[in-house]
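What follows is the structure, encoded as structure tokens:
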């Protein structure tokens, strides 16, 4: 497909708007320069253009009229055709379920504030509270080595009053698995025991870059120690309580 035909489907005003929303609009540019810039932007980053089409129905309709004939088939089919015409895959977000979005997870976390955590298994099973938190946040126990939720890893944090009272396990270390690989974004769910039951105090969302883990290891906030059980010994990575204190990580109200 010739990009010139595609760009020609938009008016000068619309081309300027497309450049502006992409952060590439030079003020007072003449029409010819605007056309050349938009053509260059689409050629250099067609995936960004396809992503923009996801959110602008009239732009998608104009593209459809350039790349195809016949009646408009609806948003999904038109976006698929536009992506393929530009040599791009359909954006992954088109296949995501609403419940897999970060906001859906945060809404569950907000709704869980103050709720009793449903626990299963023997009292000596240390992970049963964490399993219960996962069920509250996702509706099910997450099996195996998969991420707890597509938008974030979920970690329960035991607290008493305003103190984190235990290390928080990020995962088991092995030749095939580095726990921090799936911890770029963590939803910390703060849990307090009252009598025999456990309740959600609140939550805190945090994002991590690789250099964050390096600094935490260096500062003693991230430690490797025994995990598993005497029958199945292992090594795990843990966040120490002092990390939560030093970084002000505590339940949010929102």
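Numbering (the numbering used here), first residue to last: 28 to 281. Every residue gets a Cβ at the ideal spot worked out from N, C-alpha and C, and that includes glycine. Predicted model only: the values in this text are computed from it and were never measured.
Item: Range of the contiguous alpha helix (DSSP H) that encloses residue 40; Value: 39-48
Item: contact_flag[the stretch 247-262, the stretch 199-209] where n(CB pairs < 8 Å) is 3 or more; Value: yes
Item: Test item: CB-CB of residue 249 and residue 232 under 7 Å; Value: no
Item: Residue 81 versus residue 106: straight-line alpha-carbon distance, rounded; Value: 7 Å
Item: CA nearest to the CA of residue 229, picked from 109, 29, 130 and 136; Value: 136
Item: Reduced DSSP category for residue 29 - H, G, I as helix; E, B as strand; rest coil; Value: coil
Item: Per-residue DSSP class, three states only, for residue 69; Value: helix
Item: Residues sharing a beta bridge with residue 224, DSSP; Value: 221
Item: Top-ranked residue by Cα proximity to residue 235, from 203, 218, 227 and 208; Value: 208
Item: Span separating the alpha-carbon of residue 108 from that of residue 38; Value: 22 Å
Item: Sheet register partners of residue 180 (DSSP bridge); Value: 213
Item: Per-residue burial, residue 258 [other beta carbons within 10 Å of its own, 16 or more giving buried]; Value: exposed
Item: Endpoints, beta strand (DSSP E) assigned at residue 195; Value: 195-200
Item: Short Cβ contact (7 Å threshold) for residue 271 with residue 160; Value: no
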